[in-house]
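Here the structure comes first, spelled out in structure tokens, and everything after it is commentary.
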Amino acid sequence: MWRIFAAAAFLVFGAGAQAEEDVALKAGAGRDVVENYCNACHSLDYPRINAPFLDRQSWETEVKKMITAYGAPITPADAKIIVDYLTANYGSGR
Amino acid sequence: MISRRAMLAGGALALAGGGPLTRAVGAAEKPFLPPGLPQGVYDTATLEALPGKKPLIKLSYRPPNYETPLSHFTSEFTPNESFFVRYHLAGIPDDIDAQRWMLKVGGEGAGKQLELSLPDLQSNFEAVEIAAVCQCSGNRRGFSDPHVAGVEWGLGAVGNAVWKGVRLKDVLSRVKLRSDVVEIVVNGADGPVLDGTPDFVKSIPLGKALNDNTLIAYAMNGAPLPHYNGFPLRLIVPGWTATYWMKHLDTIEAVTKPFAGYWMKSAYRIPTGKFAITEHFASQMTATNEPITEIVVSSMITAPHDGHTTRAKETAEIRGLAWDGGYGIRRVDISTDGGKTWRGAELERDVGRFAFRSFRFGFVPRRAGTYQVMAKATNALDQTQGDNLIFNPAGYNNNVPRPLTITVV
Chain A
302 MWRIFAAAAF LVFGAGAQAE EDVALKAGAG RDVVENYCNA CHSLDYPRIN
352 APFLDRQSWE TEVKKMITAY GAPITPADAK IIVDYLTANY GSGR
Chain B
35 MISRRAMLAG GALALAGGGP LTRAVGAAEK PFLPPGLPQG VYDTATLEAL
85 PGKKPLIKLS YRPPNYETPL SHFTSEFTPN ESFFVRYHLA GIPDDIDAQR
135 WMLKVGGEGA GKQLELSLPD LQSNFEAVEI AAVCQCSGNR RGFSDPHVAG
185 VEWGLGAVGN AVWKGVRLKD VLSRVKLRSD VVEIVVNGAD GPVLDGTPDF
235 VKSIPLGKAL NDNTLIAYAM NGAPLPHYNG FPLRLIVPGW TATYWMKHLD
285 TIEAVTKPFA GYWMKSAYRI PTGKFAITEH FASQMTATNE PITEIVVSSM
335 ITAPHDGHTT RAKETAEIRG LAWDGGYGIR RVDISTDGGK TWRGAELERD
385 VGRFAFRSFR FGFVPRRAGT YQVMAKATNA LDQTQGDNLI FNPAGYNNNV
435 PRPLTITVV
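So the sequences go chain by chain: A and B. Just so you know, my numbering puts 345 at position 44 of the first sequence, and the rest follows in order with no gaps. Just so you know, my numbering puts 151 at position 117 of the second sequence, and the rest follows in order with no gaps.
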């Protein structure tokens, strides 16, 4: 579902959203899952500026907050992929 | 479900991919950023212009969070096109037609429900102006030690403007408030992307709502509010942090029970009793935490910039701004030795107790070397900027004096 939205947006607003497109996440396992979920509500500069000081537990807290407080429809399996990705690529190493 | 607007605005990035970005970028390469922020800010922040704005420090595109570069703070008044932008949720209305804007006023605590247009407000109520600092609760969050999650603001999530509009109390007087009203709830036209995300809705205590200084503003520095600062109407709560200054204001409701929304009960809370605050939000307090309310006394040096080089025996003018929750700045002290000794700065004109107060100090370094320059403000209640951060998980109320380094040759 998220991919369809993304594709539609790219076609319609591909040029207009140029600056936002420049915000890239590091290549790594799970990046596509992070992009597809997180990008629905906010641009991907959010995790980038919140780095690299959050440990795994803190990233878990953030992802959980997105699900419980902000209603992000993320399955537990995908939440784990997201936490793993953020911890590995934007974490404090702890 | 996702709204159509968000669906269109979002998404594009998911296909964009992107290469590795591993090179560390420091403050020196992005001189518009002060030192002390998380490394990710140096890697990510850029100078970008939103429509109607000058290039500001972009922390996030969507929702838009842009702070004012230090170099734009050249007077007590922050120009509209330089004023910081802060949104929580990405569902922001575009193409607002001010002539068709309707402000709903009422709620279960009111005996009457009203709808007011912009012309109604402008012609049927007394127009009032006030100069007041609008400061994001999380201004300087990025300097928290240890760092905490959130928008990693540096120094520029703050500005001062002359706000023109009508008194909230004058508007409330038209809807027959019940005697048991405790809070006034305010909502704006911006909203969430997902149905499950709580809309950004805030409340203020009835007493604050009835304060003469609390306004519904339609103008800022003599012009209509910029779109990204809340066009066409914004609540102005002088002395209190910007979380209460609802943008795109379209609903005002009197309530007889404390408002229990997410943005009151779970967000924007500070530990109870840790900060020097006079006005508390009694109906929203618990033993452990309370809503952030007043702006704590603060100051920033706006010139020279960190890393500036000057010459021995010549005057280097140190300039800056000081502000507080509306008690008035009584003095500003400057240290040029990293906080060991302090001397009073000259305060410039007073443009209002809720406003920025400019200060200046002529620094004549006697010999070459490196100097740590700091400013510390004190208000009329003798509240000042503490040397140590009062740590809190959301990084609020950070008013610790920030040293900048000047090299003297």
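Yeah, the Cβ is synthetic: ideal placement off N, Cα and C, and Gly gets one too.
Cutoff 8 Å: residue i Cβ touching any chain A Cβ
i	result
L93 (chain B)	yes
E82 (chain B)	yes
D229 (chain B)	yes
T370 (chain B)	no
A124 (chain B)	yes
D103 (chain B)	The sequence given here places Pro at residue 103 (chain B); Asp does not occur at that position. Chain A, which has no Cβ nearer than 8 Å to the Cβ of P103 (chain B), makes this no.
C170 (chain B)	no
T336 (chain B)	no
A79 (chain B)	yes
R454 (chain B)	The structure shown does not extend to residue 454 (chain B), since chain B is modelled only from 35 through 443, so no value can be given for it.
L55 (chain B)	Residue confidence for L55 (chain B) is low, a pLDDT of 43 falling below 50, so the modelled location carries little weight; the figure read from the coordinates is stated next. So yes, L55 (chain B) belongs to the interface.
P72 (chain B)	yes
Assigned exposure category for residue i - 16 Cβ within 10 Å defines buried
i	result
P113 (chain B)	buried
K146 (chain B)	exposed
I440 (chain B)	buried
M367 (chain A)	buried
A316 (chain B)	exposed
G317 (chain A)	In this prediction, G317 (chain A) scores a pLDDT of 38, lower than 50, which makes its location untrustworthy; no coordinate-derived value is stated.
T404 (chain B)	exposed
Q318 (chain B)	buried
F425 (chain B)	exposed
Any chain B beta carbon closer than 8 Å to residue i
i	result
L355 (chain A)	yes
E361 (chain A)	no
F372 (chain A)	The sequence shown places Gly at residue 372 (chain A), not Phe. Closer than 8 Å to some Cβ of chain B, the Cβ of G372 (chain A) qualifies, so yes.
A341 (chain A)	yes
R349 (chain A)	yes
A320 (chain A)	yes
P364 (chain A)	Correcting the residue type first, residue 364 (chain A) is Val in the shown sequence and not Pro. No, no contact with chain B.
D385 (chain A)	no
V334 (chain A)	no
N380 (chain A)	One detail in the question is off: residue 380 (chain A) reads as Ala in this sequence, not Asn. A380 (chain A) does not count as touching chain B.
A389 (chain A)	no
Per-residue DSSP class, three states only, for residue i
i	result
W197 (chain B)	strand
P85 (chain B)	coil
S344 (chain A)	coil
R436 (chain B)	coil
K146 (chain B)	coil
P180 (chain B)	coil
I237 (chain B)	Note that residue 237 (chain B) is Ser in the sequence shown here, rather than Ile. Here S237 (chain B) sits in strand by DSSP.
Y95 (chain B)	coil
G329 (chain A)	coil
I383 (chain A)	helix
M280 (chain B)	coil
K138 (chain B)	strand
Q169 (chain B)	strand
P305 (chain B)	strand
L104 (chain B)	helix
Whether residue i touches residue j by CB criterion (8 Å)
i	j	result
P338 (chain B)	A356 (chain B)	no
G176 (chain B)	G188 (chain B)	yes
P97 (chain B)	H122 (chain B)	yes
L283 (chain B)	I329 (chain B)	no
R357 (chain A)	T376 (chain A)	no
P260 (chain B)	F117 (chain B)	yes
T248 (chain B)	V215 (chain B)	no
G273 (chain B)	G386 (chain B)	no
G74 (chain B)	R349 (chain A)	yes
Test: residue i CB closer than 8 Å to a CB of chain C
i	result
V75 (chain B)	The structure shown contains no chain C; its protein chains are A and B.
task: Could you please tell me which residues of the stretch 173 to 206 of chain B, in chain order, have their CB closer than 9 Å to any CB of chain A?
output: G176, P180, H181, V182, A183, G184, V185, E186
- prompt: Which of the residues in the stretch 291 to 310 of chain B, read from start to end, lie with their CB under 8 Å from any CB of chain A?
  reply: Y296, S300
- prompt: Quick one, which residues of the stretch 140 to 171 of chain B are near chain A if we go by CB-CB under 7 Å, in chain order?
  reply: none
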